[in-house]
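Below: one structure, written as structure tokens.
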Amino acid sequence: MSTTSPKSIHTFQIDGLTGGQINFSDYAGKKILLVNVASQCGLTAQYAQLEEMYRNFSDNFVIIACPANNFGAQEPGSNQEIEQFCSTTYQISFPMTTKISVKGNDMHSLYHFVTQKTLNGLQDSDVSWNFQKYIFDEAGYLTHVFAPTVEPADERILAALDIQL
Numbered sequence: 014m015s016t017t018s019p020k021s022i023h024t025f026q027i028d029g030l031t032g033g034q035i036n037f038s039d040y041a042g043k044k045i046l047l048v049n050v051a052s053q054c055g056l057t058a059q060y061a062q063l064e065e066m067y068r069n070f071s072d073n074f075v076i077i078a079c080p081a082n083n084f085g086a087q088e089p090g091s092n093q094e095i096e097q098f099c100s101t102t103y104q105i106s107f108p109m110t111t112k113i114s115v116k117g118n119d120m121h122s123l124y125h126f127v128t129q130k131t132l133n134g135l136q137d138s139d140v141s142w143n144f145q146k147y148i149f150d151e152a153g154y155l156t157h158v159f160a161p162t163v164e165p166a167d168e169r170i171l172a173a174l175d176i177q178l
């Protein structure tokens, strides 16, 4: 049986919500909090905590949000509608990807990586709902997975990011 070394998230690029590319290698040396998001979810209010954390600690880590319509059709809008909602309702300033799929037959390759231990080196996981959180270290390796109901400012997430509110 051959074993492969886990990949770093720094090997990925993805289209940005407002154009251009998000190149994960640009964040080498920073922790990354990756979260799948939706505008019409009961957990959507987590955007406020995410934005507060990002505004206060963006020197230490980056948040990258991936809009997805996989759960309850809670992200039905276009990329432009998603951007407008996030900017006007929550003044989001952290990077966001175009709308992608985070599970199923059309799952984006980024989420194949984050959910498969053979690729990420940490653990298998299913994205169970909107606002599931994945934390990567400064070298781009997966270190933590948090359930959607774990608030962004939860002490376990803050400890994993090495920040204090």
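So the sequence shown is numbered by our numbering: it starts at 14 and just counts up by one.
In this text, a Cβ means the ideal position worked out from N, Cα and C, and glycines have one as well.
- If only uninterrupted alpha helix (DSSP H) runs of at least 4 residues are considered, those enclosed by the stretch 118–164 are 122–128, 130–133.
- For T24, the three-state secondary structure derived from DSSP is helix.
- DSSP places N69 in no beta strand (DSSP E) but in the uninterrupted alpha helix (DSSP H) bounded by 59–70.
- Ranked by Cα distance from T111, the options N73, H23, Q53, P80 are led by P80.
- The alpha-carbon of G85 is positioned some 13 Å away from that of S114.
- Taking C-beta atoms as the reference points, L46 and K146 count as a pair closer than 8 Å.
- Around the beta carbon of Q59, 16 or more other beta carbons lie within 10 angstroms, which makes this residue buried.
- Listed in chain order, the non-local C-beta contacts of A166 below 7 Å within the same chain comprise Q62, M66, L178, local neighbours out to five positions each way being set aside.
- The C-alpha of P108 is placed about 8 Å away from the C-alpha of I35.
- Beta-carbon to beta-carbon, T128 and D139 are separated by about 7 Å, close enough to satisfy the 8 Å threshold.
- In this model, D39 and H23 are separated by some 8 Å (Cα to Cα).
- When DSSP states are grouped into helix, strand and coil, T101 belongs to the helix group.
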